[in-house]
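Remarks on the structure that follows.
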Amino acid sequence: MEFVSETPGQTASKQLQQPAGILGIGHAAPTRVVTNEQMEQLVETSAEWIESRTGIRERRLADENVCSSDLGLEAARQALSDARLRPDEIDLIIVATLTPDMLMPATACIIQEKLGARKAGAFDLAVACSGFVYALAVADQFVRTRAVRNVLVVGADTLSRVTNFQDRSTCVLFGDGAGAVVIGPVEEGSGILSFELGSDGSGGDLLIIPAGGGKKPGSVYELTRPECCIQMEGKPVYRFAVSAIGEAAVKALEKSGLTADEVTVFIPHQANLRIIEGAAKRLGVPMERVFVNVDRYGNTSNASIPIALWEARQEGRLKKGDVVVVVGFGGGLAWAAAVLRWS
Ligand SMILES: CC(C)(COP(=O)(O)OP(=O)(O)OC[C@H]1O[C@@H](n2cnc3c(N)ncnc32)[C@H](O)[C@@H]1OP(=O)(O)O)[C@@H](O)C(=O)NCCC(=O)NCCS
Numbered sequence: 078m079e080f081v082s083e084t085p086g087q088t089a090s091k092q093l094q095q096p097a098g099i100l101g102i103g104h105a106a107p108t109r110v111v112t113n114e115q116m117e118q119l120v121e122t123s124a125e126w127i128e129s130r131t132g133i134r135e136r137r138l139a140d141e142n143v144c145s146s147d148l149g150l151e152a153a154r155q156a157l158s159d160a161r162l163r164p165d166e167i168d169l170i171i172v173a174t175l176t177p178d179m180l181m182p183a184t185a186c187i188i189q190e191k192l193g194a195r196k197a198g199a200f201d202l203a204v205a206c207s208g209f210v211y212a213l214a215v216a217d218q219f220v221r222t223r224a225v226r227n228v229l230v231v232g233a234d235t236l237s238r239v240t241n242f243q244d245r246s247t248c249v250l251f252g253d254g255a256g257a258v259v260i261g262p263v264e265e266g267s268g269i270l271s272f273e274l275g276s277d278g279s280g281g282d283l284l285i286i287p288a289g290g291g292k293k294p295g296s297v298y299e300l301t302r303p304e305c306c307i308q309m310e311g312k313p314v315y316r317f318a319v320s321a322i323g324e325a326a327v328k329a330l331e332k333s334g335l336t337a338d339e340v341t342v343f344i345p346h347q348a349n350l351r352i353i354e355g356a357a358k359r360l361g362v363p364m365e366r367v368f369v370n371v372d373r374y375g376n377t378s379n380a381s382i383p384i385a386l387w388e389a390r391q392e393g394r395l396k397k398g399d400v401v402v403v404v405g406f407g408g409g410l411a412w413a414a415a416v417l418r419w420s
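Just so we're aligned: 338 in the numbering used here is position 261 of the sequence shown, and the numbers increase by one with no gaps anywhere.
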């Protein structure tokens, strides 16, 4: 076995690092529940098909006047109160979203203002459904290097705005919601231990919203609305998801020096129960240690992992010292995993 010694400089720089972890969690979900039976009224499908292929039984859809920032703000307020922090104690706000309220300003700035976080910098981060875990990794860098003290990370999406409700192969899958965490200083040995980020742009066409950006501005394509909506090739995305989750989690665990046996709670992006089961099997984590709530929310993109974290803690499944692995994956194609020791 190769032994790699550290130089005195490396040891000193590690000592200067400030471990970063989750200080508070919040969540927000629209009150309107849409069941599989209700989806039967919209497209040619059956409640049984949806549940057996995806594990989804219902999803929550936002009213027309509710945007990602509204749900994100509610989740952010909860997370701050949970962390016992005032808005002016937040130094940076990162909003992971693929459905910003507008192209400009950033949704993070809208939340910053409504929250009254007057000392915070704010920016959006867009990596489709992997965004929340990417944002955790970014927040970790800021806190770890002591550049800032507290970062608010919000995952908020209103996928119903980019869903084609005439396309049965996609519309049954998605829901709206938001979750938020405050990342700040924690004691040595706890918090975010490692992460693994990856992407493969060659699969970009497999999960895509073709219009609405600079290439096909939304205003021009409004009449052909399906181009402004999510389009997906389900089977290759499914295969990608199962292998990406497993591999990202294994690599992140390796970096933390832990093994799958030591994982207390595995929280993959909630897109499809079969994908989650396949990934858990690949990783070697039994389903009792996997958190699943896709049945009640569908795929809420950037909101799925923080909502799951919130619910897992509510259920008493996150205790001090527990090893938690979170993995996001989706359009890009991209993926991201992080290993945390609960503090
Ligand atoms: C979409 C998905 C559930 C389809 O499941 P599947 O087991 O691959 O489905 P199959 O390919 O075996 O079946 C497809 C058939 O079901 C039909 N179908 C698609 N959606 C349907 C629906 N809502 N209701 C009924 N039938 C449907 C298709 O038209 C197709 O019919 P055909 O064989 O006559 O052409 C699955 O591929 C998937 O979950 N992919 C990943 C999606 C995802 O998570 N994306 C987001 C990542 S962040």
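Even glycine gets a Cβ: it sits at the ideal position worked out from N, Cα and C.
When we look at the beta-carbon of residue i and count the other beta-carbons within 10 Å, is it buried (16 or more) or exposed?
i, result
"L180", "exposed"
"A224", "exposed"
"D338", "exposed"
"E388", "buried"
"Q115", "exposed"
"E273", "buried"
"T361", "A quick correction: the sequence has Gly, not Thr, at residue 361. So G361 counts as exposed."
"D277", "exposed"
"R136", "buried"
"V297", "exposed"
"V402", "buried"
"D165", "exposed"
"T174", "buried"
"F406", "buried"
"G393", "exposed"
"V81", "Confidence is the limiting factor: at V81 the pLDDT is only 46, short of 50, which leaves the residue's position unreliable, though a coordinate-based value still follows. The residue in question, V81, is exposed, as its Cβ has fewer than 16 Cβ neighbours within 10 Å."
"G408", "buried"
"Q391", "exposed"
"G208", "buried"
"G323", "buried"
Specify the secondary structure class of residue i as computed by DSSP and reduced to three states.
i, result
"Q115", "helix"
"R226", "coil"
"T341", "coil"
"G355", "helix"
"E79", "Since pLDDT at E79 reaches only 40, below the 50 mark, its modelled position is unreliable, and the value read off the structure follows with that caveat. E79: coil per DSSP, three-state reduction."
"G280", "helix"
"W387", "helix"
"P262", "strand"
"W126", "helix"
"T174", "coil"
"M309", "strand"
"F242", "coil"
"S420", "coil"
"C144", "coil"
"N379", "helix"
"Q95", "coil"
"V249", "coil"
"I269", "strand"
"R137", "strand"
"V401", "strand"
Pop quiz: residue i and residue j are said to be a contact at Cβ under 8 Å. What is the actual Cβ separation, rounded to whole angstroms?
i, j, result
"G101", "S267", "In fact, because the Cβ distance is near 15 Å, the residues do not count as touching under 8 Å."
"A160", "V259", "4 Å"
"A325", "V404", "5 Å"
"V239", "A212", "The Cβ separation is near 20 Å, so there is no contact."
"Q347", "N379", "So it is not a contact: roughly 11 Å between Cβ atoms."
"G149", "A216", "So it is not a contact: roughly 15 Å between Cβ atoms."
"N113", "R130", "Incorrect: roughly 11 Å between the Cβ atoms, too far for contact."
"I421", "A185", "Absent from the structure is residue 421, since the part of the chain shown begins at 78 and ends at 420."
"P107", "D253", "5 Å"
"I188", "S158", "With 8 Å as the limit, I188 and S158 do not qualify as a contact, their Cβ atoms being about 15 Å apart."
"A156", "G103", "4 Å"
"I353", "V369", "6 Å"
"V249", "I127", "5 Å"
"S333", "S271", "4 Å"
"C306", "G295", "Actually they are not in contact, since the Cβ atoms of C306 and G295 sit about 11 Å apart, beyond 8 Å."
Measuring alpha carbon to alpha carbon, tell me which of the options ends up nearest residue i.
i, options, result
"F19", "S246, P262 and A173", "Past the boundaries of the shown model lies residue 19; the chain is included only from 78 to 420, so the question cannot be answered."
"A139", "A233, N227 and S123", "A233"
"E264", "V110, L417 and P107", "L417"
"A329", "L386, V314 and F343", "F343"
"R366", "D399, Q391 and R351", "D399"
"S109", "A385, I171, T235 and W126", "The residue you asked about is not Ser; residue 109 is Arg in the sequence shown. R109 has its Cα closest to that of T235, out of A385, I171, T235 and W126."
"I286", "L410, D253 and T336", "L410"
"R132", "W412, N349, G393 and A356", "Looking at the sequence provided, one finds Gly at residue 132 rather than Arg. When only C-alpha atoms are compared, the closest one is N349."
"S420", "E310, R195 and I269", "I269"
"G193", "G311, E151 and L395", "E151"
"V371", "A385, M364 and E190", "A385"
"E141", "E354, S237 and M309", "S237"
"K396", "V120, T341, F242 and I382", "T341"
"N241", "K293, T176, Q308 and S279", "Q308"
"D178", "C144, C206, G311 and K191", "C144"
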